[in-house]
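Below is one structure, written out as structure tokens; comments come after it.
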Amino acid sequence: MISQSPTLIWIKWLNMFLVPRVMFRISASLIFFLFNIMSAEKIPTIFIFGDSIVDVGNNNYINTLAKAMFPNGIDFCKNCLSGRFTNGRTVIDILEQRLGAKDFRPPYLAPNTTGDVVLRGVNYASSGSGILNDTGLIWGGRISLDEQISNFKETKARIVSIIGRRETKRLLKHQSLFIVVTGSNDFFLGKEMIFDGSFLSSKFESQLRKLYYLEARKIIVTNIPRFGCTPFERDKNPNAKGCIASFNEDISSYNKRLKRLLMDLTANLTASTFVYADIHAMFKDILQNYRSYGFENSDDACCHKVGVHGGLLPCFSLSKICSNRTKYVFWDAFHLTETSNVIVASHMMDGGPKFMSPMNIRQLMYSSTVHPDD
Numbered sequence: 004m005i006s007q008s009p010t011l012i013w014i015k016w017l018n019m020f021l022v023p024r025v026m027f028r029i030s031a032s033l034i035f036f037l038f039n040i041m042s043a044e045k046i047p048t049i050f051i052f053g054d055s056i057v058d059v060g061n062n063n064y065i066n067t068l069a070k071a072m073f074p075n076g077i078d079f080c081k082n083c084l085s086g087r088f089t090n091g092r093t094v095i096d097i098l099e100q101r102l103g104a105k106d107f108r109p110p111y112l113a114p115n116t117t118g119d120v121v122l123r124g125v126n127y128a129s130s131g132s133g134i135l136n137d138t139g140l141i142w143g144g145r146i147s148l149d150e151q152i153s154n155f156k157e158t159k160a161r162i163v164s165i166i167g168r169r170e171t172k173r174l175l176k177h178q179s180l181f182i183v184v185t186g187s188n189d190f191f192l193g194k195e196m197i198f199d200g201s202f203l204s205s206k207f208e209s210q211l212r213k214l215y216y217l218e219a220r221k222i223i224v225t226n227i228p229r230f231g232c233t234p235f236e237r238d239k240n241p242n243a244k245g246c247i248a249s250f251n252e253d254i255s256s257y258n259k260r261l262k263r264l265l266m267d268l269t270a271n272l273t274a275s276t277f278v279y280a281d282i283h284a285m286f287k288d289i290l291q292n293y294r295s296y297g298f299e300n301s302d303d304a305c306c307h308k309v310g311v312h313g314g315l316l317p318c319f320s321l322s323k324i325c326s327n328r329t330k331y332v333f334w335d336a337f338h339l340t341e342t343s344n345v346i347v348a349s350h351m352m353d354g355g356p357k358f359m360s361p362m363n364i365r366q367l368m369y370s371s372t373v374h375p376d377d
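Following this line, the structure appears as structure tokens:
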């Protein structure tokens with residue numbers, strides 16, 4: 004039996020004690036609005052979409068080369084496959100804890116992601132995936148963003164079967180966060196298919212609109228990080244000094260287009276807020292000020308095997324691991340260490356307009372607008 008939501012408890016309490024005395028009935032929408040203000044610290048339902056930056060194990064359940072095998076997750080758990088491409092927690096894991104969660108949102112494909120579990124949120128992210136369906140073919144199996152959104156549609160139907168259509172609508176519109184972290188692999192693994200950034204952003208726009216029509220209203224979208232500075236790109240271009248400028252320029256052009264897109268979607272889709280999370284700027288800030296953040300190495304992969312910077316092979320069982328992982332910005336050829344992820348999560352949670360536009364996640368959680376169709 005499912006416990007009643009706090010919103011319903013408030014409605015019953017108001018009807019029992021206030022209505023007889025004041026002789027009027029407060030509308031459900033107003034009660035819901037008041038409840039959101041009074042329970043701003045309530046742990047939101049969180050749905051995550053994206054690639055290996057936020058994958059927490061979906062790829063463990065499909066036939067793919069893009070699996071986070073040991074020593075990935077070495078600081079996350081003992082003798083288990085964390086499914087995470089980092090030594091410890093992902094940015095999403097850290098954000099969930101900052102929002103008050105005691106456990107992490109489960110991968111969609113995990114066999115125990117059933118029943119009431121989905122009411123707290125689900126992680127659909129898949130390593131190797133991208134905005135384009137053909138991105139990541141080199142890895143074999145992966146769950147494209149289109150498929151991830153279809154999986155969310157199935158989850159929504161399950162939620163309706165548990166709490167009903169009306170409460171599902173309110174849960175998704177008012178008490179849920181949708182976090183989308185994708186696009187990197189489209190540049191890394193499918194760049195030959197991208198003739199210009201408008202092609203990619205146009206496809207992405209249609210996918211974000213699909214989420215909106217599935218009742219998503221508070222949507223955080225990250226841009227593409229400064230991947231021209233990764234150990235992989237540096238080892239692939241040994242004659243270049245420092246970051247690969249041309250690669251970062253292509254990404255910056257796409258990111259500018261993405262920011263304008265999110266502003267337009269917020270303006271044109273009723274009651275929506277699309278937040279632009281500038282992890283490209285966060286990444287740049289970490290690399291330029293790495294010593295101030297307590298790092299000693301901003302160039303090399305902690306988990307490494309081949310390459311001057313350890314960037315020519317993914318982290319796998321034969322890789323060597325640095326002795327002090329908290330002193331490295333990069334975990335492997337592409338991904339950040341948990342220590343770096345903590346910094347990124349802090350910026351996403353409480354950062355100013357330099358990193359989060361038009362608001363950060365904490366501010367987004369406090370925002371609440373009631374519309375007639377809600």
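In my numbering, the protein residues as written are 4 to 377. Built from N, CA and C at the ideal position, the CB exists for glycine as well. This one's a predicted model, so the numbers in the text were calculated from it and none came from an experiment.
**Report entry** Through-space distance from Ile46 to Phe35, alpha-carbon basis
**Finding:** Low confidence applies to Phe35: its pLDDT is 42, below 50, so where it sits in the model is not reliable, and the reading given next is rough at best. Looking at the two C-alpha atoms, the distance is approximately 16 Å.
Query raised in the report: Can you tell me whether DSSP reads Lys357 as helix, strand or coil?
Result: coil
Query raised in the report: Which residues mark the beginning and the end of the alpha helix (DSSP H) in which Tyr279 is found?
Result: Not the alpha helix (DSSP H): Tyr279 falls in the beta strand (DSSP E), residues 276–280.
Query raised in the report: Of all the beta strand (DSSP E) runs that stay within the bounds of the stretch 33–109, which reach a length of 3 or more residues?
Result: 48–53
Query raised in the report: How big is the Cα-Cα spacing for Gln151 and Ser209?
Result: 14 Å
Requested in this report: Go through the stretch 124–175 residue by residue and report every complete run of the beta strand (DSSP E) that reaches 3 residues or more, in order.
Outcome: 124–126
Query - C-alpha distance - Phe358 paired with Ala160, whole-angstrom precision - result: 35 Å
Query - Run of the beta strand (DSSP E) containing Leu180, from where it starts to where it stops - result: 179–184
Query raised in the report: Just reading off the beta strand (DSSP E) that Asn300 is part of, what are its end residues?
Result: 300–304
Requested in this report: Measure the alpha-carbon distance for Pro74 versus Lys81 and round it to whole angstroms.
Outcome: 10 Å
Query raised in the report: Which first and last residues belong to the beta strand (DSSP E) in which Phe333 is found?
Result: 331–333
Query raised in the report: Buried or exposed: where does Glu252 fall if 16 or more other Cβ atoms within 10 Å of its Cβ makes it buried?
Result: exposed
Query raised in the report: How close, in whole Å, do the beta carbons of Gly86 and Asn63 come, if the pair is a contact with beta carbons under 8 Å?
Result: 5 Å
Query raised in the report: Can you name, in chain order, every residue of its own chain whose Cβ lies under 7 Å from the Cβ of Ser322, other than the five neighbours on each side?
Result: Pro74, Cys306, His307, Lys308
Query raised in the report: Can you pull the DSSP bridge partners for Ile223?
Result: Ile182, Val278
Report task. Give the DSSP-derived three-state secondary structure of Arg323 in the structure shown. Result -> For the record, residue 323 in the displayed sequence is Lys; it is not Arg. Here Lys323 sits in strand by DSSP.
Report task. Mind checking who Leu264 pairs with in its DSSP beta bridge? Result -> According to DSSP, which records beta bridges pairwise, Leu264 is partnered with nothing at all.
Query raised in the report: Is it true that the CB of Phe333 sits closer than 8 Å to the CB of Thr342?
Result: no
**Report entry** Three-way DSSP call (helix, strand, coil) for Tyr296 in this model
**Finding:** coil
Query raised in the report: Cα-Cα, which of Gly133, Met266, Asp149, Tyr127 is closest to Asn188?
Result: Gly133
Query raised in the report: What does DSSP give as the partner residues of His350 in its beta bridges?
Result: Paired residue(s): none; His350 is not in a bridge.
**Report entry** Where Leu214 sits in the DSSP three-state scheme
**Finding:** helix
Requested in this report: Please name the residue in Cys83, Ser370, Ser360 whose C-alpha comes closest to that of Val224.
Outcome: Ser360
Query raised in the report: Beta-carbon separation of Thr276 and Ser370 under 8 Å?
Result: yes
Query raised in the report: Tell me, which residues are paired with Leu339 by DSSP?
Result: Phe333
Query raised in the report: Given that a residue counts as buried once 16 or more other Cβ atoms are within 10 Å of its Cβ, and exposed if not, what is Pro110?
Result: buried
Requested in this report: Would you mind stating whether Asn344 and Ile97 have Cβ atoms separated by less than 8 Å?
Outcome: yes
Query raised in the report: By the 10 Å Cβ neighbour count, where 16 or more other Cβ atoms means buried, how is Gln291 classified, buried or exposed?
Result: exposed
Query raised in the report: For Met362, which residues of its own chain have a beta-carbon under 8 Å away from its beta-carbon, when the five flanking residues on both sides are left out?
Result: Thr276, Val278, Ser370
Query raised in the report: Given a threshold of 16 other Cβ atoms within 10 Å of its Cβ, counted over all protein chains shown, does Asn90 qualify as buried or as exposed?
Result: buried
Query raised in the report: Where does His312 fall in DSSP's three states?
Result: coil
Query - Identified DSSP bridge partners for His307 - result: Lys323
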